[in-house]
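Participant: Pasting in a structure now, in structure tokens, and then I'll have a few things to ask.
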Amino acid sequence: ACSPPPSPSPARSSATCGPAEASPVMSGLHGCCRIASGATRWVLLVGSYAFKIPRVDHGGRLFLLGCLANLNERGTSQESAGDPRLARTYACAPLGLLAVAERITGPLLRRRLTRDEALSLPLQEFSGESGVDDNGHNVATREDGSLVVLDYGNTGLMYVSEGPRFHLGQPR
Numbered sequence: 054a055c056s057p058p059p060s061p062s063p064a065r066s067s068a069t070c071g072p073a074e075a076s077p078v079m080s081g082l083h084g085c086c087r088i089a090s091g092a093t094r095w096v097l098l099v100g101s102y103a104f105k106i107p108r109v110d111h112g113g114r115l116f117l118l119g120c121l122a123n124l125n126e127r128g129t130s131q132e133s134a135g136d137p138r139l140a141r142t143y144a145c146a147p148l149g150l151l152a153v154a155e156r157i158t159g160p161l162l163r164r165r166l167t168r169d170e171a172l173s174l175p176l177q178e179f180s181g182e183s184g185v186d187d188n189g190h191n192v193a194t195r196e197d198g199s200l201v202v203l204d205y206g207n208t209g210l211m212y213v214s215e216g217p218r219f220h221l222g223q224p225r
């Protein structure tokens with residue numbers, strides 16, 4: 054049986070994975086288990102963890118991109134040294150076949166990021182441009198209201214603690 058997840062402490066919040074659609078398959082298990090899906094990964098949400106699994110139902114290329122996304126998120130999570138603006142990735146299996154991440158229980162933003170919000174997040178593309186999709190589907194809020202990036206596995210992203218240099222072509 055699955056019991057409801059414990060309430061997270063203020064210093065530790067719980068991750069979803071990018072743009073996700075809930076599946077009713079496991080939602081009946083006392084509300085603690087859920088399956089979500091993104092373009093390249095399935096996410097099994099159980100308690101305070103998000104298990105990210107590359108999708109096999111969209112062909113080999115997207116499966117490999119899901120594996121690479123898992124590996125990239127683990128590397129970025131280690132590099133960020135627990136930056137609370139990124140959902141932590143605790144572990145990644147060899148070849149990126151599974152990643153275990155922090156589950157964020159706060160709601161997805163589901164709106165466009167403001168310029169200040171985009172510049173406050175610690176990811177940028179190699180060009181220096183803000184690296185978070187500004188549609189808000191990869192960003193949620195923690196219990197304290199702060200923003201947290203859920204899906205940062207894109208190979209074109211890099212961690213920058215001070216935030217990106219540009220947003221929509223405009224300098225900081």
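For what it's worth, this note's numbering labels the leading residue of the sequence shown as 54, then goes sequentially. Every residue gets a Cβ at the ideal spot worked out from N, C-alpha and C, and that includes glycine. The structure displayed is predicted, hence computed values, not measured ones.
Round the Cβ separation of residue 173 and residue 216 to the nearest angstrom and send it over; I've been treating them as touching at under 8 Å.
Facilitator: The count along the sequence shown starts at 1 and reaches residue 173 at position 120. The count along the sequence shown starts at 1 and reaches residue 216 at position 163. 6 Å between Cβ atoms; contact.
Participant: Once the 5 residues before and after residue 123 are set aside, which same chain residues still bring their CB inside 6 Å of it?
Facilitator: For the purposes of this step, residue 123 is taken as residue 70 along the sequence shown, with counting starting at 1. 105, 145, 149, 152, listed in sequence order.
Participant: Can you name the residues that DSSP bridges to residue 94?
Facilitator: On the sequence shown, position 41 is the one that residue 94 refers to. Paired residues: 107.
Participant: Quick check: the segment 203-213 against the segment 107-114, are there 3 or more CB pairs under 8 Å?
Facilitator: No, the segment 203-213 does not touch the segment 107-114.
Participant: Whole angstroms are fine: how far does the CA of residue 225 sit from the CA of residue 130?
Facilitator: Residue numbering aside, residue 130 sits at position 77 when the sequence shown is read from its first letter. Residue numbering aside, residue 225 sits at position 172 when the sequence shown is read from its first letter. Approximately 24 Å, taken between the alpha carbons.
Participant: Count the other C-beta atoms from every protein chain shown that fall within 10 angstroms of the C-beta of residue 83, then say buried if there are 16 or more, exposed otherwise.
Facilitator: Position 30 of the sequence shown, counted from the start, is the residue given in the question as residue 83. Low per-residue confidence applies at residue 83: pLDDT is 45, beneath 50, and the placement is therefore not dependable, though the value from the model is reported in the following sentence. Classification of residue 83: exposed, given that the 10 Å Cβ count is below 16.
Participant: If we call anything under 7 Å between Cβ atoms a contact, is residue 193 one with residue 185?
Facilitator: Numbered from 1 along the sequence shown, position 140 holds the residue referred to as residue 193. Numbered from 1 along the sequence shown, position 132 holds the residue referred to as residue 185. Cβ distance not < 7 Å, so residue 193 and residue 185 don't count as in contact.
Participant: Using a Cβ-Cβ cut-off of 8 Å (strictly less than) and excluding sequence neighbours within five positions of residue 75, which residues of its own chain qualify?
Facilitator: Stepping through the sequence shown from its first residue, residue 75 is reached at position 22. With a pLDDT of 42 at residue 75, under the threshold of 50, the modelled position of this residue cannot be trusted; read the value that follows with caution. Only 87, 88, 89 meet the Cβ criterion.
Participant: Strictly by DSSP, which residues pair up with residue 219?
Facilitator: Translated into the one-based positions of the sequence shown, residue 219 becomes position 166. Bridge partners of residue 219: 182, 224.
Participant: Note down the Cα distance separating residue 177 from residue 218, rounded to an integer number of angstroms.
Facilitator: The count along the sequence shown starts at 1 and reaches residue 177 at position 124. The count along the sequence shown starts at 1 and reaches residue 218 at position 165. Each residue's alpha carbon lies about 8 Å from the other.
Participant: Name the one or two DSSP bridge partners that residue 205 has.
Facilitator: In the sequence shown, the residue the question calls residue 205 occupies position 152. Partner(s): none; residue 205 has no beta bridge.
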